[in-house]
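Residue numbers (UniProt numbering): 1 to 181.
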């Protein structure tokens, strides 16, 4: 009879050693009224590419010219770096964009345990990262770190009478002691 008492004592409790399944997160439904995208960038003429003279057809992929800051076609930058480069590229090397205005000569080598690794043999710092170009800021006004929102003060949106009618939730207001009846 001794074992029977032990079983009934732990019956309602969960085993602490057993892992619990993770709780499923509830999916948030997409509501187009709440989730608005910023307005599209305005259609502009950016002029011809300073390097090739061709029209800039994809401004999102443009690179800033190091001296003028004007947008330059990505393909033109790659071609000018190939022309300027005195060294010949090996068969397994490529000229690639590395990000933040930097290009480089890259190669994939097999390292320890025969795992491929990207090796940059030479860097080219093309774009000046300290200057913020005006043409780039307007491409993503709601996302860019350079975008400074300009909210209107409440005094411009509402009259003094309407502002006084708003409930206040601080120590000086009478709205603090609202009863639930």
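For every residue, glycine included, the Cβ atom is placed at its ideal position computed from N, Cα and C.
**Option in 127, 128, 105, 130 with minimal Cα separation from residue 120** = Nearest to residue 120 by C-alpha distance, out of 127, 128, 105, 130, is 105.
**Prompt:** For residue 28, is the classification buried or exposed, using 16 other Cβ atoms within 10 angstroms of its Cβ as the cut-off for buried?
**Reply:** Exposed is the call here.
**Spatial distance of residue 164 from residue 158 (CA atoms)** = One C-alpha to the other measures close to 10 Å.
**Touch test, the stretch 46-58 against the stretch 72-80, Cβ-Cβ under 8 Å, three pairs minimum** = They touch, by the three-pair rule.
**Every unbroken beta strand (DSSP E) within the stretch 45-119, with a cutoff of 3 residues, ordered by chain** = With a minimum length of 3 residues, the continuous beta strand (DSSP E) runs that stay inside the stretch 45-119 are 93-99, 102-110.
**Beta carbon of residue 127 nearer than 8 Å to that of residue 99** = Their beta carbons are not under 8 Å apart, which means residue 127 does not touch residue 99 by this criterion.
**Request:** Sort 61, 81, 68, 34 by Cα distance to residue 131 and report the nearest one.
**Result:** Residue nearest to residue 131 within the set 61, 81, 68, 34 is 68 (criterion: CA-CA distance).
**Item:** Rounded straight-line distance, which links the Cα of residue 60 to that of residue 139
**Value:** Near 7 Å, if we compare the C-alpha coordinates of residue 60 and residue 139.
**Asked** Are the Cβ atoms of residue 88 and residue 107 separated by less than 8 Å?
**Response** Against a cut-off of 8 Å, the Cβ pair of residue 107 and residue 88 comes out as no contact.
**Asked** Quick one: what's got a C-beta closer than 7 Å to residue 55's C-beta in the same chain, skipping five residues either side?
**Response** Excluding residues within five positions, the ones whose Cβ falls inside 7 Å are 48.
**Spatially closest choice to residue 97 from 112, 90, 161, 124, by CA coordinates** = It is 124 whose Cα lies nearest to the Cα of residue 97.
**Message:** Closest to residue 78 by C-alpha separation, out of 91, 62, 90, would be which residue?
**Reply:** The option with the nearest alpha carbon to residue 78 is 62.
**Asked** Excluding the five sequence neighbours on either side, which residues of its own chain have a C-beta within less than 7 Å of the C-beta of residue 133, listed in chain order?
**Response** Taken in chain order, the residues that qualify are 64, 69.
**Prompt:** Short check: CB of residue 118 to CB of residue 95, under 8 Å?
**Reply:** Their beta carbons are not under 8 Å apart, which means residue 118 does not touch residue 95 by this criterion.
**Prompt:** Nearest-angstrom Cα distance between residue 169 and residue 32?
**Reply:** When rounded, the distance between both Cα atoms is 32 Å.
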